Amino acid sequence: MFMFEKALAGGRRYWIWLLALCVVIAAGFLFYLRQFSEGLAITGMSRDVSWGIYIAQFTFLVGVAASAVMVVLPYYLHNWRVFGKITILGEFLAVASVSMCMLFILADMGQPTRVLNMILYPAPHSIMFWDMVSLGGYLLLNAVIAHVTLRSEYKDVAPPAWIRPVILLSIPWAISIHTVTAFLYSGLPGRAFWLTAVLAPRFLASAFASGPALLILLCLLIRKFTSFDAGREAVRKLAVIVTYAMLANVFLMLMEVFTAFYSRIPEHLSPFEYMFFGLRGRTSLVPWMWTSAILAAVALILLLVPRLRQSERLLAIACSAVFVSLWIDKGVCLVVCGFIPSPLGAVTEYTPTLPEVSITLGIWAVGFLLVTLFYKITLSVRGRLAPGV
Amino acid sequence: MNVTRKGFLRITGMCFAVAGARKASGAIGEKLTFPRTAKRWGMAIDVGKCLQKEGCTKCIEACHKAHNVPTFRDARHEIKWIWKTGYEEAFAVEGRVYAPAALQGKLLPFLCNHCDDPPCTRVCPTGATWKREDGIVMMDWHRCIGCRYCVAACPYGSRSFNWMDPRPGIAVLNPDYPTRTKGVVEKCTFCEERLARSLQPACVEVCPAKALVFGDLGDSHSPLRELLRARYSVRRKPELGTAPSVFYIV
Chain A
1 MFMFEKALAG GRRYWIWLLA LCVVIAAGFL FYLRQFSEGL AITGMSRDVS WGIYIAQFTF
61 LVGVAASAVM VVLPYYLHNW RVFGKITILG EFLAVASVSM CMLFILADMG QPTRVLNMIL
121 YPAPHSIMFW DMVSLGGYLL LNAVIAHVTL RSEYKDVAPP AWIRPVILLS IPWAISIHTV
181 TAFLYSGLPG RAFWLTAVLA PRFLASAFAS GPALLILLCL LIRKFTSFDA GREAVRKLAV
241 IVTYAMLANV FLMLMEVFTA FYSRIPEHLS PFEYMFFGLR GRTSLVPWMW TSAILAAVAL
301 ILLLVPRLRQ SERLLAIACS AVFVSLWIDK GVCLVVCGFI PSPLGAVTEY TPTLPEVSIT
361 LGIWAVGFLL VTLFYKITLS VRGRLAPGV
Chain B
390 MNVTRKGFLR ITGMCFAVAG ARKASGAIGE KLTFPRTAKR WGMAIDVGKC LQKEGCTKCI
450 EACHKAHNVP TFRDARHEIK WIWKTGYEEA FAVEGRVYAP AALQGKLLPF LCNHCDDPPC
510 TRVCPTGATW KREDGIVMMD WHRCIGCRYC VAACPYGSRS FNWMDPRPGI AVLNPDYPTR
570 TKGVVEKCTF CEERLARSLQ PACVEVCPAK ALVFGDLGDS HSPLRELLRA RYSVRRKPEL
630 GTAPSVFYIV
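As structure tokens, this is what we get:
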């Protein structure tokens with residue numbers, strides 16, 4: 001029914017890859033069982049830094065999910081035919097990302113068995129309520145769109161007419177998920193690091209850089225291992241999107257840096273000082289943030305010079321640099337630095353523990369597993385897989 | 390023994406009478422003078438009086454004992470309803486450079502501010518924390534899902550999360566107050582359970598310097614309002630617009 005049988009036939013390499021992912025997932029799950037019985041004390045989080053790598057991954061992956069709009073919008077609104085082959089890859093990537101987001105939220109909860117209280121006692125004054133609504137809706141939209149369009153391809157018929165308005169709805173919806181996620185942070189009065197109107201635009205810019213960068217890497221990988229080619233033109237257009245989005249992201253980040261360092265208001269300045277130079281001798285995030293900054297610079301040079309961008313090897317390096325740079329920025333620093341210094345001026349550092357890292361890797365592996373299965377089904381339907389791959 | 394019906398009823402009635410009398414005398418023993426309700430509960434902390442007894446932690450001990458607040462050695466997992474912090478740290482904006490010599494490096498008690506416009510209740514996705522009509526910011530430990538959004542939202546660091554089962558950290562259990570479970574957030578409730586019995590909060594009652602004054606902010610003739618009229622007081626981070634109900638008389 002869901003064409004799942006297509007995912008059950010594959011070569012040696014396919015099964016080894018799936019097995020490897022399952023091992024990582026199992027390890028994460030075992031650690032999660034420990035966290036479930038002992039509590040979040042087994043993580044590196046504390047009274048002062050009360051959100052850590054789980055919520056940071058959630059935030060980063062909402063961006064990856066939202067970025068599907070960067071292939072859907074040009075294809076459906078501007079008739080960029082070159083994206084015809086990859087829109088579905090973007091939608092499936094969104095489904096996998098939102099699934100990871102939900103798992104990260106669940107992993108972060110102190111009382112996960114009470115999660116339904118969010119629905120039993122809905123609280124529209126809480127941004128988290130709207131985040132649940134927008135993420136749930138986005139998951140549903142993309143799952144339906146990807147399934148219906150792929151099924152039509154499978155049956156060799158045109159997609160039903162009703163799916164087009166659903167696809168169009170998914171475009172503003174994608175913008176909304178990341179805007180609402182930014183509002184989770186930017187609406188809190190006591191956390192000056194997040195209290196900035198530019199947070200939502202910055203989230204969107206970094207999302208539209210990191211998501212398509214990942215999609216380019218996936219397209220290049222797929223072409224290496226299968227006979228499916230997204231097309232040079234599609235990859236080239238995606239690269240242009242990554243370039244503009246990354247430029248916008250760096251620009252907005254520099255706006256933040258200017259405001260903090262020139263105004264010198266302590267609450268705004270301190271988190272940035274901690275991030276780039278360390279505060280009161282505490283410097284554990286400094287190497288991370290500079291790595292992110294250097295990678296961003298390298299990526300921009302590679303992307304901005306057309307001659308370099310056209311080389312697919314250099315493009316792959318640029319896209320990896322974009323992805324890692326933005327992962328550090330959003331998947332590590334953004335959440336943690338909001339808590340440093342604490343409301344009482346303490347500089348408490350945060351280092352994730354082994355169980356925490358293992359649970360995080362496990363959830364990422366779930367995402368990779370979903371992407372693998374979805375892409376395998378898609379490519380099988382399109383008959384683009386040599387037997388045994 | 391031969392008990393007639395009349396005799397049985399007489400003995401039963403006497404038992405009830407004795408029990409009732411004991412209850413009544415017990416209630417008289419407790420100070421019934423404090424009003425049970427208020428328009429908006431609030432507190433003033435007379436810093437000068439508090440500092441007369443430097444190093445005193447009676448308010449913390451009384452509160453944490455009354456509410457089964459656990460003690461953990463690792464500061465990362467600390468639970469605290471009322472605690473002492475340096476004046477300069479808590480009043481970062483005003484203090485730091487020119488703090489009065491009498492206040493420099495001095496520790497003062499801090500607790501939930503029971504804000505008039507609390508960010509913590511605004512962000513709670515389940516209504517597990519809310520503001521009562523009398524101003525008390527309450528917690529429902531059975532509804533809390535442990536997302537810690539309220540911890541991120543509180544600008545004062547007044548909320549604690551149970552990173553592990555708190556029960557092993559409770560030295561002497563108070564059977565009259567619930568314990569919490571791992572994975573929920575907790576904080577000061579202005580002793581709403583004592584207010585319901587016409588008792589002042591435990592910290593106020595136990596303070597040897599009488600530095601904590603509790604009362605009705607909504608009643609312009611209340612002793613608390615008289616005090617705030619007479620003396621200069623500050624609140625923490627007033628620029629955020631949360632309007633704390635806890636005032637520091639400096």
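Protein chains in written order, with this note's numbering: chain A, 1 to 389; chain B, 390 to 639. The beta-carbon is built from N, C-alpha and C at its ideal position, and this holds for glycine as well. Keep in mind the model is a prediction, meaning the values are calculated, not measured.
Local Cβ density within 10 Å of residue i, reported as buried at 16 or more and exposed below that
i                      : result
residue 338 of chain B : This structure cannot settle anything about residue 338 of chain B, because the visible part of chain B is limited to 390 through 639.
residue 48 of chain A  : buried
residue 16 of chain A  : exposed
residue 79 of chain A  : exposed
residue 493 of chain B : exposed
residue 55 of chain A  : buried
residue 419 of chain B : The predicted position of residue 419 of chain B is uncertain, since its pLDDT is 49 and thus under 50; a value taken from the coordinates is nonetheless stated next. Answer is exposed; the Cβ neighbour count stays below 16.
residue 311 of chain A : exposed
residue 243 of chain A : buried
residue 401 of chain B : exposed
residue 162 of chain A : exposed
residue 469 of chain B : buried
residue 218 of chain A : buried
residue 575 of chain B : buried
residue 5 of chain A   : exposed
residue 599 of chain B : exposed
residue 561 of chain B : exposed
Spatial neighbours of residue i in its chain, beta-carbon cut-off 6 Å, leaving aside the 5 residues before and after
i                      : result
residue 32 of chain A  : 359
residue 76 of chain A  : 167
residue 207 of chain A : 63, 66, 67, 178
residue 123 of chain A : 129
residue 272 of chain A : 260
Cβ shell of residue i (< 7 Å), same chain only, five flanking positions each side left out
i                      : result
residue 371 of chain A : 92, 93, 96
residue 8 of chain A   : none
residue 607 of chain B : 427, 428, 429
residue 82 of chain A  : 231, 233, 234, 237
residue 149 of chain A : 88, 159, 163
Chain A contact for residue i (CB, 8 Å cutoff)
i                      : result
residue 456 of chain B : no
residue 634 of chain B : no
residue 399 of chain B : no
residue 553 of chain B : yes
residue 572 of chain B : yes
residue 534 of chain B : yes
residue 545 of chain B : yes
residue 511 of chain B : yes
residue 631 of chain B : yes
Residue-level contact to chain B via CB, residue i, 8 Å cutoff
i                      : result
residue 102 of chain A : no
residue 171 of chain A : no
residue 117 of chain A : yes
residue 310 of chain A : no
residue 127 of chain A : yes
residue 121 of chain A : yes
residue 260 of chain A : no
residue 109 of chain A : yes
residue 392 of chain A : Within the shown structure, residues of chain A are numbered from 1 to 389, placing residue 392 of chain A beyond reach of any answer.
residue 38 of chain A  : yes
residue 47 of chain A  : yes
residue 231 of chain A : no
residue 200 of chain A : no
Backbone secondary structure at residue i - three-state DSSP
i                      : result
residue 116 of chain A : coil
residue 387 of chain A : Reliability of the predicted coordinates at residue 387 of chain A is poor, the pLDDT of 47 falling under 50, and no value is obtained from them.
residue 526 of chain B : strand
residue 622 of chain B : strand
residue 549 of chain B : strand
residue 327 of chain A : helix
residue 574 of chain B : strand
residue 173 of chain A : helix
residue 418 of chain B : Reliability fails at residue 418 of chain B, whose pLDDT of 48 lies under 50, so the model's placement of it is uncertain and no value is given.
residue 279 of chain A : strand
residue 59 of chain A  : helix
residue 519 of chain B : strand
Close-in-space but distant-in-sequence residues of the same chain around residue i (CB under 8 Å, 5 per side omitted)
i                      : result
residue 502 of chain B : 545, 547, 624, 625, 631, 633, 634, 635
residue 109 of chain A : 115
Contact with chain D by residue i, beta-carbon distance below 8 Å
i                      : result
residue 465 of chain B : Chain labels in this structure do not include chain D; the protein chains are A and B.
Which residues DSSP lists as bridging residue i, in chain order
i                      : result
residue 433 of chain B : B:602, B:636
residue 474 of chain B : B:497
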